[in-house]
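Down below is the structure, laid out as structure tokens.
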Amino acid sequence: MSAHLFVTLILTSLFSNSVAHLPHFFPNMSSIPHNLIPNSTLGIWNSFQNLTGCHAGQKIDGLARIKNYFQYFGYINISSTNFTDDFDDALESAIKTYQLNFNLNATGELDEPTMNHIVKPRCGVADIINGSSSMNSGKSSSNLIHTVSHYSFFPGTPRWPDSKRDLSYAFQPENQLSDTVKAVFARAFLRWSEVIPMTFNETSSFADADIKIGFFSGDHGDGEPFDGVLGTLAHAFSPPSGRFHLDSAENWIVAGNIGDSTAASAVDLESVAVHEIGHLLGLGHSSIESAIMYPSISSATRKVELVSDDIQGIQSLYGSNPNYNGSSTLTTQQRETSGAGSNFMGRLWGMRILLLGVGFVFIL
Ligand SMILES: [Zn+2]
Ligand SMILES: [Zn+2]
1 MSAHLFVTLI LTSLFSNSVA HLPHFFPNMS SIPHNLIPNS TLGIWNSFQN
51 LTGCHAGQKI DGLARIKNYF QYFGYINISS TNFTDDFDDA LESAIKTYQL
101 NFNLNATGEL DEPTMNHIVK PRCGVADIIN GSSSMNSGKS SSNLIHTVSH
151 YSFFPGTPRW PDSKRDLSYA FQPENQLSDT VKAVFARAFL RWSEVIPMTF
201 NETSSFADAD IKIGFFSGDH GDGEPFDGVL GTLAHAFSPP SGRFHLDSAE
251 NWIVAGNIGD STAASAVDLE SVAVHEIGHL LGLGHSSIES AIMYPSISSA
301 TRKVELVSDD IQGIQSLYGS NPNYNGSSTL TTQQRETSGA GSNFMGRLWG
351 MRILLLGVGF VFIL
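If you use UniProt numbering, the sequence shown corresponds to residues 1 to 364, in order.
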């Protein structure tokens with residue numbers, strides 16, 4: 001291999017390394033380079049599709065991984081990390097609970113509708129925390145029929161104290177976010193401050209901010225590592241933590257038009273921000289699909305309007321903004337598109353890792 005090629009490889013690896021630590025943003029779908037837009041929806045959970053049709057009593061390669069998925073989101077409440085590939089009672093029970101939470105037929109099997117739902121990108125916050133379910137499965141069946149509210153809170157109902165009604169937020173300085181990106185977060189905060197008596201203002205002092213926003217790759221020190229393109233998109237902690245983390249690996253779209261394309265490794269930043277701010281304020285997940293606090297969002301989808309379930313939930317924690325007259329209860333603009341995905345992005349990142357490895361070996 002020529003010296004020139006080695007230098008090129010090292011430069012490429014250094015470039016790839018720096019890019020991997022900075023989030024990347026696109027103004028809209030059409031600005032994503034064509035070769036980065038894959039043709040089918042392939043997130044990191046796509047391999048689960050091979051398990052479609054599995055049911056109790058079977059032993060199939062890959063069932064251990066899906067048990068890890070259910071454990072991560074609170075559906076298997078045991079500390080084991082060494083799961084078997086047996087379709088056991090714990091898995092069947094986890095699937096039934098999941099199906100109940102997401103309004104699917106509670107078959108206890110990995111049927112097609114269930115599997116299609118499992119592979120959707122979603123929030124990294126668990127649906128069931130410390131064994132207590134905040135969604136449908138935590139409510140009695142009579143409650144399910146007679147109530148329209150499905151909002152929920154974290155265990156112990158943590159909220160910001162009465163002395164804290166003007167919250168500051170700041171961005172991780174290393175992310176070097178543009179004003180355009182910061183404006184997306186400002187809009188997302190505004191959607192909540194319109195309905196409750198709270199304000200959110202950006203501060204330049206990251207250390208002192210009530211809410212700290214940062215984009216991270218993989219393991220970033222809080223025990224909740226990010227997983228690359230799609231899969232989990234972001235997570236935020238309950239009050240008064242204020243930590244709000246987003247996955248750097250996503251193709252974040254910062255303004256509009258996301259529904260105009262069927263290509264879809266792209267994720268609408270404002271949609272995710274509005275959801276995560278709900279967690280920062282104390283809301284858990286809701287089983288109402290149109291609600292902002294529903295845990296999953298299809299890629300290439302924009303969903304930014306609070307619906308009555310979100311508003312009732314947050315107002316029960318903080319009361320109503322005196323200027324709120326109910327008119328913000330807009331219908332959700334959910335433009336779900338099928339298809340699209342991220343297989344090519346996965347290969348791209350794999351290539352970067354390979355180049356990094358080659359550069360590393362040469363340095364040695
Ligand atoms: Zn969430
Ligand atoms: Zn985190």
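Here a beta-carbon is modelled for each residue, glycine too, at the ideal position from N, C-alpha and C.
Mapping the DSSP letters down to three states, classify residue i as helix, strand or coil.
{"i": "Val72", "result": "The sequence shown places Tyr at residue 72, not Val. Three-state result, Tyr72: helix."}
{"i": "Leu100", "result": "helix"}
{"i": "His117", "result": "helix"}
{"i": "Gly282", "result": "coil"}
{"i": "Phe244", "result": "strand"}
{"i": "Asn325", "result": "coil"}
{"i": "Lys182", "result": "helix"}
{"i": "Val267", "result": "strand"}
{"i": "Ala170", "result": "strand"}
{"i": "Ser132", "result": "strand"}
{"i": "Arg165", "result": "coil"}
{"i": "Ser30", "result": "helix"}
{"i": "Gly214", "result": "strand"}
Got a sec: does ligand 1 put a non-hydrogen atom nearer than 7 angstroms to the Cβ of residue i?
{"i": "Cys123", "result": "yes"}
{"i": "Pro322", "result": "no"}
{"i": "His117", "result": "no"}
{"i": "His245", "result": "no"}
{"i": "Pro239", "result": "no"}
When we look at the beta-carbon of residue i and count the other beta-carbons within 10 Å, is it buried (16 or more) or exposed?
{"i": "Gly221", "result": "exposed"}
{"i": "Gly359", "result": "Because Gly359 carries a pLDDT of 35, less than 50, the predicted location of this residue cannot be relied on, and no value is offered for it."}
{"i": "Ile129", "result": "buried"}
{"i": "Ala207", "result": "exposed"}
{"i": "Asp179", "result": "exposed"}
{"i": "Gln99", "result": "buried"}
{"i": "Gly231", "result": "buried"}
{"i": "Leu190", "result": "exposed"}
{"i": "Thr84", "result": "exposed"}
{"i": "Ser342", "result": "Low confidence applies to Ser342: its pLDDT is 31, below 50, so where it sits in the model is not reliable enough to give any reading."}
{"i": "Pro295", "result": "buried"}
Going by the CB atoms, is the gap between residue j and residue i shorter than 8 angstroms?
{"i": "Asp105", "j": "Glu289", "result": "The sequence given here has Asn at residue 105, not Asp. No. Outside cutoff."}
{"i": "Ile76", "j": "Lys67", "result": "yes"}
{"i": "Val119", "j": "Gln49", "result": "yes"}
{"i": "Leu22", "j": "Ser204", "result": "no"}
{"i": "Asn101", "j": "Asn136", "result": "yes"}
{"i": "Ser133", "j": "Ser286", "result": "no"}
{"i": "residue 399", "j": "Lys212", "result": "Since the first and last residues shown for the chain are 1 and 364, residue 399 lies out of range."}
{"i": "Pro225", "j": "Arg159", "result": "no"}
Report yes if the C-beta of residue i is less than 7 angstroms from at least one heavy atom of ligand 2; otherwise report no.
{"i": "Glu224", "result": "yes"}
{"i": "His275", "result": "no"}
{"i": "His220", "result": "yes"}
{"i": "Phe216", "result": "yes"}
* Okay, do the region 224-244 and the region 190-204 touch, 3+ Cβ pairs below 8 angstroms being the bar? -> no
* Okay, do the region 162-175 and the region 298-312 touch, 3+ Cβ pairs below 8 angstroms being the bar? -> no
* To do: Could you tell me whether the region 48-56 touches the region 279-293, where touching means 3 or more Cβ pairs closer than 8 angstroms?
  => no
* Given 8 angstroms, three or more beta-carbon pairs between the region 79-88 and the region 111-118 -> no
* To do: For the region 212-229 and the region 171-182, state whether three or more C-beta atom pairs, one from each stretch, are separated by less than 8 angstroms.
  => yes
* Between the region 265-273 and the region 238-255, do three or more beta carbon pairs fall short of 8 angstroms? -> yes
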